[in-house]
């Protein structure tokens, strides 16, 4: 292969190494449900691997290992999936006063050169368009943590039921 093509291939490789993480992070922050789907798929395979093989005498996972796996799954889900999706964002409506609707936006800021921050902004908007309540990141983190704890245990028991039915 000529050296020009090797150089071009090397530059393309470096560009992909830089571009793929940037596109991935931007996608998680900007596309509703992308992080949720990625976590559900990953969680399905991780929790599936925790089950004992069919026909084994003893369980392969202790309650401590399960709690640690669910805790890690919930912590990562809370930290990464701040945007959520319409289903995961529905409990946030419970914090809104009567007569207001939940509104979501992404605030993009550039606090330092070369750095971009994307913050999720959830507000309860009243009928005249004013903000009735601004939900803090603590509201969001608490609800996301609870959602992902429930999802983690649900995935564990769902994968166990699927494995038992398959046998």
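Residue numbers (my numbering): 9 to 175. Backbone N, C-alpha and C fix where the C-beta goes; we use that ideal spot for every residue, glycine too. If you're wondering where the values come from, they're calculated on a predicted model, not measured in any experiment.
Buried versus exposed, by CB contacts within 10 Å (16 or more), residue i
i: residue 163; result: buried
i: residue 13; result: exposed
i: residue 110; result: buried
i: residue 159; result: buried
i: residue 37; result: buried
i: residue 78; result: buried
i: residue 91; result: buried
C-alpha gap between residue i and residue j, whole angstroms
i: residue 72; j: residue 19; result: 47 Å
i: residue 16; j: residue 32; result: 24 Å
i: residue 129; j: residue 57; result: 36 Å
i: residue 28; j: residue 107; result: 43 Å
i: residue 131; j: residue 59; result: 41 Å
i: residue 101; j: residue 145; result: 15 Å
i: residue 48; j: residue 116; result: 27 Å
i: residue 105; j: residue 141; result: 8 Å
As assigned by DSSP and simplified to three states, the class of residue i
i: residue 9; result: coil
i: residue 129; result: strand
i: residue 73; result: helix
i: residue 160; result: helix
i: residue 101; result: helix
i: residue 110; result: strand
i: residue 120; result: coil
i: residue 58; result: coil
Beta carbon proximity, residue i to chain C, threshold 8 Å
i: residue 47; result: Checking the listed chains, one finds no chain C in this structure; it contains a single protein chain.
Proximity of residue i and residue j at Cβ, strictly below 8 Å
i: residue 89; j: residue 139; result: no
i: residue 52; j: residue 167; result: yes
i: residue 118; j: residue 124; result: yes
Should the region 71 to 87 be called in touch with the region 134 to 153, which here means at least 3 C-beta pairs below 8 Å? Result yes; three or more Cβ-Cβ pairs closer than 8 Å.
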